[in-house]
Amino acid sequence: DAGVIQSPRHEVTEMGQEVTLRCKPISGHNSLFWYRQTMMRGLELLIYFNNNVPIDDSGMPEDRFSAKMPNASFSTLKIQPSEPRDSAVYFCASRRTGDSNQPQHFGDGTRLSIL
Amino acid sequence: GQNIDQPTEMTATEGAIVQINCTYQTSGFNGLFWYQQHAGEAPTFLSYNVLDGLEEKGRFSSFLSRSKGYSYLLLKELQMKDSASYLCAVRDVTDKLIFGTGTRLQVFP
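In structure tokens, the structure reads:
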């Protein structure tokens, strides 16, 4: 079975540019989570969706960040304009709700560098 | 507030046993997860506890005490490939996972 698929794996861009990260969850999973990981702050939840609806976006750092989930098999996280402090690894994870012991499954992440 | 504490780093010898502790203070509790993360890779699921007690899964075991807000991950018969970061995460009542900053374990021959 395919896991969570993220693209691109690496992104290097100049500050001020728009960045779009993409995620395809595991088929049948109805919850999707976006995380950011840095050495200083560890793994932080940015936003999560349940059945394509944003449930909690309290972790989104500021208005420059936005996320969408237009259907059950695709989500995007957009940063516009990007800043050097946005440099981090961004992970997407998915889970099938309704069964409490089901863990979140993580994609391989996007390593983002803003110059 | 939400707070999850783990040691930052630990070292151990191949073949030994190591215990990684995690204490938590969260506004709600709906289970505790342990994940393993090798450098440059994604976190992968190791174990889940929602009731007090020990869950054993091969060389890895995880323990939970809800009254004490405490968990540990026990790794037996350590192998070099166990060198990784181990993340403790609490799921709150809204299904969010709150992660600790992780414990970096180095296994030496």
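Protein chains in written order, with my numbering: chain A, 1 to 115; chain B, 116 to 224. Glycine residues also receive a C-beta, built at the ideal position from the N, C-alpha and C atoms.
Query                                                                                                                                       : Result
Name the residue from Gly98(A), Tyr90(A) and Thr97(A) whose alpha carbon lies nearest to the alpha carbon of Asp108(A).                     : Tyr90(A)
Does any CB atom of chain B fall closer than 9 Å to the CB of Pro103(A)?                                                                    : yes
Contact between the stretch 55-70 of chain A and the stretch 138-150 of chain B: three or more CB pairs below 8 Å?                          : no
Quick test of your reading: Thr97(A) and Asn52(A), contact by CB under 8 Å. State the CB separation rounded to the nearest angstrom.        : That belief does not hold up - the Cβ atoms of Thr97(A) and Asn52(A) are roughly 13 Å apart, past 8 Å.
Taking 9 Å as the CB-CB limit, is Ile213(B) close to chain A?                                                                               : yes
For Glu170(B) and Glu129(B), what's the separation of their Cα atoms in angstroms?                                                          : 23 Å
Rounded to whole angstroms, what's the CA-CA distance from Leu179(B) to Ala204(B)? Just pull it up for me.                                  : 12 Å
Please report whether the beta-carbon of Asn145(B) lies at a distance below 9 Å from any beta-carbon of chain A.                            : yes
Counting only Cβ-Cβ distances shorter than 8 Å, please list the residues of the stretch 46-58 of chain A near chain D, keeping chain order. : Here chain D cannot be found, since the structure's protein chains are A and B.
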